[in-house]
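Chains B and V supply the protein sequences, listed in that same order.
Under the working numbering, think of the first position of the first sequence as 628, with each following residue one higher.
Under the working numbering, think of the first position of the second sequence as 599, with each following residue one higher.
We put the CB at the ideal spot given by N, CA and C, even for glycine.
Contents: one structure, followed by commentary.
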Amino acid sequence: AQKITQTQPGMFVQEKEAVTLDCTYDTSDQSYGLFWYKQPSSGEMIFLIYQGSYDEQNATEGRYSLNFQKARKSANLVISASQLGDSAMYFCAMREGWRGNMLTFGGGTRLMVKP
Amino acid sequence: DVKVTQSSRYLVKRTGEKVFLECVQDMDHENMFWYRQDPGLGLRLIYFSYDVKMKEKGDIPEGYSVSREKKERFSLILESASTNQTSMYLCASSLGVTDTQYFGPGTRLTVL
């Protein structure tokens with residue numbers, strides 16, 4: 628079974644609008660962490676946001692927020708007020724307690740922001 | 599800022615060649631990682647190291663080996679490159695076990 632599932636291979640969003648990128652995960656661990664990374668065409672992976680399984684509040688970092696629904700095992704990334712520079716691949720990743728610092732990544736979503 | 603650098607952005611090698619991919623980080627991080635990235639599959643962990651001369655297999659270690667002789671440097675070795683190892687290779691580092699991983703720019707390897 629897939630540990631991290633990103634069901635949207637590609638998405639379009641109009642500049643200045645908000646967009647939600649979906650991520651569902653599968654783990655039996657109680658202790659885990661969820662990450663979102665951005666990969667522009669240059670190739671470098673840029674860390675965006677982190678949510679721990681015990682965090683009660685949804686994580687936020689500037690225009691990025693993580694909609695964490697533990698019972699549904701989802702950790703969707705919300706980007707508010709999209710900008711042209713947000714066009715990139717976005718990856719959801721999970722760290723499970725028993726795997727230490729090893730990350731499992733989803734297949735990614737390509738976001739394209741239209742002017 | 600954390601800086602992770604990789605020796606080459608693009609590399610072309612022939613089947614059967616021995617290939618070295620080098621990664622250097624400048625933030626005194628304990629942990630270093632090698633991933634490969636393929637379309638639709640995301641990133642998959644090949645090997646990681648949590649200390650000098652220490653290494654652990656990741657999810658897809660077959661056909662690869664690693665070396666960490668100094669804390670700042672982590673090398674990925676393809677002993678005999680094959681065409682199915684054509685991929686993007688990404689190196690990452692983190693300070694501690696639960697800390698965020700920071701990535702280098704990647705090396706796109708083509709094996710002919």
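Review point. Taking buried to mean at least 16 other C-beta atoms within 10 Å of its own C-beta, is residue 607 of chain V buried or exposed?
Key: exposed
Review point. Does any CB atom of chain V fall closer than 8 Å to the CB of residue 661 of chain B?
Key: no
Check your understanding: Are three or more beta carbon pairs between the region 722-733 of chain B and the region 673-688 of chain V nearer than 8 Å?
Key -> no
**Study point:** Cβ pair residue 604 of chain V, residue 708 of chain V closer than 8 Å
**Key:** no
Check your understanding: Pick from B:645, B:635, B:633, B:631: whose alpha carbon is nearest that of residue 711 of chain B?
Key -> B:645
Exercise for review: Can you tell me the Cβ-Cβ gap for residue 652 of chain B and residue 721 of chain B, rounded? I've got them flagged as a contact below 8 Å.
Suggested key: 5 Å
Point to revise | residue 641 of chain B versus residue 684 of chain B: straight-line alpha-carbon distance, rounded | key: 28 Å
Review point. So is residue 689 of chain B buried or exposed if we call it buried at 16+ other beta carbons inside 10 Å?
Key: exposed
Check your understanding: Is the beta carbon of residue 703 of chain V less than 8 Å from the beta carbon of residue 671 of chain B?
Key -> yes
Exercise for review: Report the rounded CA-to-CA distance for residue 631 of chain B versus residue 680 of chain V, giving the unit in angstroms.
Suggested key: 28 Å
Check your understanding: Just curious, the beta strand (DSSP E) that residue 630 of chain B is in, first and last residue?
Key -> That residue, residue 630 of chain B, is in no beta strand (DSSP E); it is neither H nor E in DSSP.
Point to revise | residue 739 of chain B: first and last residue of the uninterrupted beta strand (DSSP E) it sits in | key: 736-741
**Study point:** Residue span of the beta strand (DSSP E) that contains residue 622 of chain V, given as start and end
**Key:** 617-623
Check your understanding: If contact means a Cβ-Cβ distance below 9 Å, which residues of the region 686-704 of chain V contact chain B?
Key -> 686, 688, 690, 692, 694, 695, 696, 697, 698, 699, 700, 701, 702, 703, 704
**Study point:** Selection of the region 664-688 of chain B by Cβ proximity to chain V, strictly under 9 Å
**Key:** 664, 666, 669, 670, 671, 672, 673, 674, 677, 679
Review point. Given a limit of 9 Å on CB to CB distance, which residues of the region 611-629 of chain V reach chain B?
Key: 629
**Study point:** Minimum C-alpha distance to residue 668 of chain B - residue among B:724, B:647, B:717
**Key:** B:717
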